[in-house]
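Notes for the one structure printed next.
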Amino acid sequence: MEYRTDRKTSNYEFVPLLENKEQITEGSEPVYEGKLRLKLHALSPVYIGSGQEILIEKRLCRATLRNGAGIPIIPGSSMKGTVRTIAQAVSYSAQKCVGTPSLKQEGSKYELDTPKQPVKCMCMVCSMFGSMGFAGRVSFSDFAASASDTEIINVPKPYSQNILKVKHRYFSGYKPKGIKFYYSGDWRSVSGDLPTECIKAGTDFIGEVVFNGITKHHLELLCFSLGLDGSFPLRAGGNKAGYFGLLNVEVIESTCYASGNYNHPSIQMDKRVKADWFEPCKLAALYGKDNHNIMGNIRKLREILNRRV
Ligand SMILES: [Zn+2]
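Below, the structure written as structure tokens:
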């Protein structure tokens, strides 16, 4: 969803796609299972659309999403999408992946009605996070807010774009310019007229990421894409163009066990061997160190996500 910001210059940039030349064969690689318990700290308000409207202080507002207990949440699917997009931008998965922006796909988000076929993509990102109709090896729980405090903020209206605009903005010919990320900025500087119930800045969210049958290299990419090296904030939910949903991530607890090899992951609860080397923040910092193309994209990603406007 695109939000109107009434600014002359755009507040996003693209991280270019890396050519898909590196083939990784995981067949006999040792794999691991475990989980990360995470705390997300909101640096700006968070808006997760529930699709419903509520009456607050006599105004009809778009309501934030809550779980069955009435607690505001960032759904696991939303966090997974955020982390997946980063993983795609900094790995060799991008070029031919089904998740890569294509004119057909981008068009169908707006006006074109293109049916999507389930395609099994074998790239690193799809094998970790899954692709249309296929399960991945990493799953995200919902992240529940530690406090239910919400506030009403007037945000800019989302608007649909026509396909020509999309093509002009996001593609050079038929080639996508890359993966789009927004700058950081002060959310107070962007206002609109759509009353929206938001979770307050300063709120913490707790949830878990569970992985099963992924290699050490996958783990490095996962930890990096979660922002665990502390070099960039994550972005979740709506109104990203208005600098909403900036999140710092902290590991509360982590466990990791050896679990067979890539083609034959095995879970033997009684014989589990703990992976003593598993330090999520250190792994995150290791990712891409041996590859200058990946490092180039990591530098670009950090530059965009940390750029304050
Ligand atoms: Zn893929």
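In the numbering used here, the protein residues as written are 1260 to 1568. Where a beta carbon is used, it is the ideal one built from N, C-alpha and C, also for glycine.
Residue from the options whose Cα sits closest to the Cα of residue i
| i | options | result |
| --- | --- | --- |
| residue 1317 | 1474, 1308, 1454 | 1454 |
| residue 1465 | 1290, 1297, 1293 | 1297 |
| residue 1520 | 1537, 1289, 1458 | 1289 |
| residue 1507 | 1338, 1292, 1422 | 1338 |
Buried versus exposed call for residue i [16 or more other C-beta atoms within 10 Å across all chains shown]
| i | result |
| --- | --- |
| residue 1271 | exposed |
| residue 1383 | buried |
| residue 1548 | exposed |
| residue 1276 | buried |
| residue 1560 | buried |
| residue 1488 | buried |
| residue 1381 | exposed |
| residue 1386 | buried |
The beta strand (DSSP E) enclosing residue i, as first and last residue numbers
| i | result |
| --- | --- |
| residue 1500 | Residue 1500 -> no beta strand (DSSP E), and no H or E assigned at all. |
Where the alpha helix (DSSP H) containing residue i begins and where it ends
| i | result |
| --- | --- |
| residue 1346 | 1335 to 1348 |
| residue 1482 | 1475 to 1484 |
| residue 1436 | Here residue 1436 belongs to no alpha helix (DSSP H), and DSSP marks it neither H nor E. |
Simplified DSSP state of residue i, which is helix, strand or coil
| i | result |
| --- | --- |
| residue 1396 | coil |
| residue 1447 | helix |
| residue 1386 | helix |
| residue 1287 | coil |
| residue 1425 | helix |
| residue 1564 | helix |
| residue 1277 | coil |
| residue 1298 | strand |
| residue 1555 | helix |
| residue 1539 | helix |
Residue i CB to nearest heavy atom of ligand 3 below 8 Å
| i | result |
| --- | --- |
| residue 1384 | This structure lacks ligand 3; its bound ligands are ligand 1. |
Can you find at least 3 beta carbon pairs, one from the stretch 1320 to 1333 and one from the stretch 1539 to 1557, that sit closer than 8 Å?
-> no
Any chance the stretch 1466 to 1483 sits against the stretch 1495 to 1509, with 3 or more Cβ pairs inside 8 Å?
-> no
Can at least three beta-carbon pairs, one atom from the stretch 1437 to 1457 and one from the stretch 1407 to 1417, be found at a separation below 8 Å?
-> yes
Evaluate the contact criterion for the stretch 1403 to 1412 versus the stretch 1301 to 1319: three or more CB pairs, one atom per stretch, below 8 Å.
-> yes
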